[in-house]
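Enquirer: Sending over a structure as structure tokens; questions will come in a sec.
In the working numbering, the protein residues as written are 2 to 140.
Below, the structure is given as structure tokens:
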């Protein structure tokens, strides 16, 4: 169970990944996104409060929460998944995630496998995080 120390506060970090509509793609890319978010943000699973996913309507092969559980990850973390609202012009085949945790460092969003275009303000030509975290576009 997540607990807070005197030097920590509650943070949330966003991430997204583009997948194909197969169990294999979702089953590999969702855990990869999760591991990247934890690594970049120095998050331990015991500090996580909850994880929320949203999924574009064309991704029906596997629930991302199920993919995470099947990978043996986030076993003691509450997971929630919802359908992303359909908006004309949205990038297709995207799974988005919001991880809430207790920590002591500013969150660094992670966008993978083509989802970087959702937040061009966060990525330079090498797709490294460089932005100021402003909320541009949908994500």
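For glycine and all other residues, C-beta sits at the position ideal for the given N, C-alpha and C.
Give a yes or no on whether the C-beta atoms belonging to residue 52 and residue 78 are separated by under 9 Å.
Expert: In contact: residue 52 and residue 78 (Cβ atoms closer than 9 Å).
Enquirer: Just to confirm before moving on: does the CB-CB distance between residue 118 and residue 41 stay below 9 Å?
Expert: For residue 118 and residue 41, no; Cβs fall outside 9 Å.
Enquirer: Quick one: using the 10 Å Cβ neighbour count with 16 as the cut-off for buried, is residue 83 buried or exposed?
Expert: Flag for residue 83 reads exposed.
Enquirer: I'd like the ranges of any alpha helix (DSSP H) spanning at least 4 consecutive residues and lying wholly in the segment 39-125.
Expert: 65-71, all fully within the segment 39-125.
Enquirer: Beta strand (DSSP E) containing residue 19: first to last residue?
Expert: Per DSSP, residue 19 belongs to the beta strand (DSSP E) from 10-19.
Enquirer: On a Cα-Cα basis, can you pick out the residue from 57, 46, 17, 31 that is closest to residue 90?
Expert: Checked all of 57, 46, 17, 31; the closest Cα to residue 90 is 57.
Enquirer: Looking only at its chain, what residues have a beta carbon closer than 6 Å to the beta carbon of residue 18, apart from the 5 residues adjacent to it on each side?
Expert: Closer than 6 Å at the Cβ level, and outside the excluded window around residue 18, lie 30, 34, 96, 113, 114, 116.
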